[in-house]
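Under this note's numbering, the first residue of the sequence shown is numbered 51, with each subsequent residue one higher. Don't be surprised by glycine CBs; every beta carbon is placed ideally from N, CA and C.
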Amino acid sequence: MAQIWKGVVREYADFMPEHILRDVVTLGEGGNALIAAPAVGAMLKEITGVNAKVFIKFEGRNPTGSFKDRGMTSAMSAAKGKGAKVVVCASTGNTSASAAAYATAAGILPAVLVPDGKIAMGKLAQAIAHGAKLLQVNGNFDDCLVLARKLAENYDVELVNSVNPDRIQGQKTAAFEVVDELGDAPTIHALPVGNAGNITAYWKGYREYYTANCSSTLPFMWGFQAEGAAPIVLGHEVDNPETIATAIRIGKPASWEQAVAARDESNGVIEAVSDAQILEAHRILSAEVGVFVEPASAAGLAGILKKARTGTFTPDLSPSLDKGEPMNIVITCTGHGLKDPEWALNDINGNSKGSEVEPVKVQNDLSAVASILRLPAPMTERDL
Ligand code: AN7
Numbered sequence: 051m052a053q054i055w056k057g058v059v060r061e062y063a064d065f066m067p068e069h070i071l072r073d074v075v076t077l078g079e080g081g082n083a084l085i086a087a088p089a090v091g092a093m094l095k096e097i098t099g100v101n102a103k104v105f106i107k108f109e110g111r112n113p114t115g116s117f118k119d120r121g122m123t124s125a126m127s128a129a130k131g132k133g134a135k136v137v138v139c140a141s142t143g144n145t146s147a148s149a150a151a152y153a154t155a156a157g158i159l160p161a162v163l164v165p166d167g168k169i170a171m172g173k174l175a176q177a178i179a180h181g182a183k184l185l186q187v188n189g190n191f192d193d194c195l196v197l198a199r200k201l202a203e204n205y206d207v208e209l210v211n212s213v214n215p216d217r218i219q220g221q222k223t224a225a226f227e228v229v230d231e232l233g234d235a236p237t238i239h240a241l242p243v244g245n246a247g248n249i250t251a252y253w254k255g256y257r258e259y260y261t262a263n264c265s266s267t268l269p270f271m272w273g274f275q276a277e278g279a280a281p282i283v284l285g286h287e288v289d290n291p292e293t294i295a296t297a298i299r300i301g302k303p304a305s306w307e308q309a310v311a312a313r314d315e316s317n318g319v320i321e322a323v324s325d326a327q328i329l330e331a332h333r334i335l336s337a338e339v340g341v342f343v344e345p346a347s348a349a350g351l352a353g354i355l356k357k358a359r360t361g362t363f364t365p366d367l368s369p370s371l372d373k374g375e376p377m378n379i380v381i382t383c384t385g386h387g388l389k390d391p392e393w394a395l396n397d398i399n400g401n402s403k404g405s406e407v408e409p410v411k412v413q414n415d416l417s418a419v420a421s422i423l424r425l426p427a428p429m430t431e432r433d434l
């Protein structure tokens, strides 16, 4: 009989602090099996000669369509456990969608602060549908986060951004799942970096599993920021971050130090990818792998391809290569394409991709449809 998944807090209860387990709020998040991406493996082989098995950790499969749900189940469980009436978060969209859904499930009022404009329509719709108090601030994400933190400091309100350590507890389970499925850590784990909570959470998860002897290795953490919003790469804050990947349009990441620690302790990298590279990876994921993501989610694959093409893909660090085995690469795709679907239809300037995406008009007629599809004529009775 199949086991029914109980959500990340209960599934990984042994790795959760007690206060999160008292009153669990879950929508059934996590348990996302890796998706093999042989098309990406073939590209890497062609560019670098390296044998790699590439897997996508598709976090768009979570209840609200992003990885945020993993941390929201734990943060909301803790908030409910202490009797919170109101939670607040700053968000580029996904955190607000997730906070709104989990707060609703917990019977808590969600207040969300989002930047003026530049939020994908699907995410706004989610927050509104779940009954969030949606406040649009005339500033960017970084301004929103400052406000949210001050609100939580001065009023009886719980902050559920990833600076809340209870968020990281749930979010780290993504690393557990990867190890549980592969039998060990992958050689490389690539992912987008915005506010830097996720890279912090993965690294914590990988280390905890390693310490508990659930894995025998640790991965190299490869994080990728958007070029116009790459403070960690530049080494200084970015006052006016810009990228089409609105989810990671962040100039002052809250978990900056933890991200740098994850990079350095794992001998990894944090580098930048251009919007064009992000959109190319977005297309490869949808058209060659079968996974539809929002632009920010494609930054991990964009980074892997960039490193392959610039000759800075350094697989010689992998012990498995000595044995001639392909190395495992896991790429986290953080959010679902349905949240921000325009990128399937429009180019980088927001213009329609034209005939490539426009449906072909056809008569309501069987042979007309078959003819456009260039299907060979069916066998007739005479042929038989
Ligand atoms: C799809 O929702 O910060 O580095 O407020 O939505 O952990 O911040 C979203 C971030 C990557 C970056 N991909 O993760 C928010 C928010 C998607 C995201 C990131 C986000 P972090």
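Can you look up residue i in the DSSP assignment and give me helix, strand or coil?
{"i": "E344", "result": "coil"}
{"i": "T382", "result": "strand"}
{"i": "L184", "result": "strand"}
{"i": "N396", "result": "strand"}
{"i": "K103", "result": "strand"}
{"i": "V319", "result": "strand"}
{"i": "M271", "result": "strand"}
{"i": "A304", "result": "coil"}
{"i": "I238", "result": "strand"}
{"i": "V90", "result": "helix"}
{"i": "M171", "result": "helix"}
{"i": "A276", "result": "strand"}
{"i": "P281", "result": "helix"}
{"i": "P165", "result": "strand"}
{"i": "Q413", "result": "coil"}
{"i": "E292", "result": "coil"}
{"i": "M126", "result": "helix"}
Taking the straight line between their C-alpha atoms, what separation do you get for residue i and residue j?
{"i": "G400", "j": "P67", "result": "46 Å"}
{"i": "A337", "j": "V74", "result": "38 Å"}
{"i": "L163", "j": "A125", "result": "17 Å"}
{"i": "G121", "j": "A326", "result": "30 Å"}
{"i": "G385", "j": "S116", "result": "4 Å"}
{"i": "I294", "j": "S347", "result": "12 Å"}
{"i": "A331", "j": "N414", "result": "36 Å"}
{"i": "F65", "j": "S127", "result": "15 Å"}
{"i": "I381", "j": "A235", "result": "13 Å"}
{"i": "R72", "j": "Y62", "result": "14 Å"}
{"i": "R313", "j": "E307", "result": "10 Å"}
{"i": "G91", "j": "L268", "result": "21 Å"}
{"i": "A276", "j": "T430", "result": "57 Å"}
{"i": "R111", "j": "N82", "result": "7 Å"}
{"i": "I106", "j": "V343", "result": "11 Å"}
{"i": "A420", "j": "P391", "result": "29 Å"}
{"i": "K56", "j": "P426", "result": "49 Å"}
{"i": "Y256", "j": "I249", "result": "11 Å"}
{"i": "N188", "j": "K118", "result": "24 Å"}
{"i": "A418", "j": "V412", "result": "7 Å"}
{"i": "A358", "j": "T114", "result": "33 Å"}
{"i": "D193", "j": "A153", "result": "23 Å"}
{"i": "L416", "j": "P428", "result": "12 Å"}
{"i": "G422", "j": "G233", "result": "According to the sequence shown, residue 422 is Ile rather than Gly. Approximately 47 Å, taken between the alpha carbons."}
With a Cβ-Cβ cutoff of 9 Å, do residue i and residue j count as a contact?
{"i": "M93", "j": "L355", "result": "yes"}
{"i": "A304", "j": "G340", "result": "no"}
{"i": "P291", "j": "N211", "result": "no"}
{"i": "K183", "j": "L201", "result": "no"}
{"i": "I300", "j": "N245", "result": "yes"}
{"i": "V243", "j": "I320", "result": "yes"}
{"i": "T362", "j": "T142", "result": "no"}
{"i": "L84", "j": "A155", "result": "no"}
{"i": "A140", "j": "A198", "result": "yes"}
{"i": "V407", "j": "L388", "result": "no"}
{"i": "I379", "j": "H239", "result": "yes"}
{"i": "V137", "j": "E208", "result": "yes"}
{"i": "N101", "j": "P376", "result": "yes"}
{"i": "A151", "j": "Q176", "result": "yes"}
If you drop the 5 nearest sequence neighbours on each side, which residues of the same chain put their C-beta closer than 6 Å to that of residue i?
{"i": "G323", "result": "For the record, residue 323 in the displayed sequence is Val; it is not Gly. These residues qualify, in order along the chain: F274, A349, A352, G353 and K356."}
{"i": "R424", "result": "none"}
Looking only at its chain, what residues have a beta carbon closer than 8 Å to the beta carbon of residue i, apart from the 5 residues adjacent to it on each side?
{"i": "K254", "result": "I218, K222 and A225"}
Identify the residues that DSSP records as bridge partners of residue i: which are they?
{"i": "P5", "result": "The shown model of the chain, from 51 to 434, leaves out residue 5, and the question about it has no answer."}
{"i": "F191", "result": "DSSP, once it has assigned bridges, lists no residue as partnering F191."}
{"i": "M51", "result": "M51 is not bridged to any residue."}
{"i": "I85", "result": "I106"}
{"i": "E208", "result": "V137"}
{"i": "S402", "result": "N396"}
{"i": "A349", "result": "According to DSSP, which records beta bridges pairwise, A349 is partnered with nothing at all."}
{"i": "S116", "result": "G385"}
{"i": "M377", "result": "A102"}
{"i": "P160", "result": "V137"}
Beta-carbon within less than 7 Å of residue i's beta-carbon, same chain only, minus the 5 sequence neighbours each way: which residues are those?
{"i": "A309", "result": "V243, A246, I249, T250, G273, I282, P303 and I320"}
{"i": "G172", "result": "L388, K389 and D390"}
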